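**Q**
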Amino acid sequence: MEGIGLEHEAMSRGAAAVAEASELIKGHMQQLNAEVEAMMAGWSSAASRSFTTLHESWIAQQGKLHNALQGMHEALVHTHATYTHQEEEQASQFSNITAQL
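Residue numbers (the numbering used here): 12 to 112.
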C-alpha cells in the first residue's frame with residue numbers, strides 16, 4: 012500500500028522549472044518582438060496596420076502567459092514553504108508527545 016508523502020526536492024525542482032520556462036519564453040518573445048518591430052519599420056500599408064493590431068493582441072497574450080507562469084511559480088514556492096513549516100510543526104508536536112510518554 013502506498014502512503015501519502017511529500018518530496019520537498021520535487022516541489023523545489025518544479026518551482027525552478029516553471030521559473031526557468033517563464034524566463035526562456037520571455038526571452039524568445041522579446042527576440043521575436045524585436046524582429047517584428049524591425050520588419051514593421053519598413054512596412055506601411057493597410058495590411059501592416061492590420062498586422063500591427065494582431066501583433067498587439069499577441070503581445071497582450073504573451074503578458075498573460077508570463078503572468079500565469081509567474082503565478083504558478085509563486086504558488087509552488089509558497090506551498091513548499093507552507094508544507095515544510097507544517098511538517099516541522101508536526102514533528103515538533105510528535106516529539107513533545109513522545110517526551111511526555
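Every residue gets a Cβ at the ideal spot worked out from N, C-alpha and C, and that includes glycine.
Just so we're clear, the structure is a prediction, and the values are computed from it rather than from any experiment.
Three or more beta-carbon pairs under 8 Å between the stretch 79-95 and the stretch 27-46, yes or no?
**A** yes
**Q** Could you work out which residue in His89, Gly74, His96, Ala27 is closest to Gly38 when comparing CA atoms only?
**A** Of the listed residues, the one whose Cα sits closest to Gly38 is Gly74.
**Q** Taking Val88 as the reference, give the member of Leu112, Phe105, Ala26, Gln101 with the closest Cα.
**A** Ala26
**Q** Quick check on DSSP: helix, strand or coil for Ser56?
**A** coil
**Q** Are His66 and Val47 touching if we call contact CB-CB under 7 Å?
**A** yes
**Q** If you run the structure through DSSP and keep just helix, strand and coil, what is Leu80?
**A** helix
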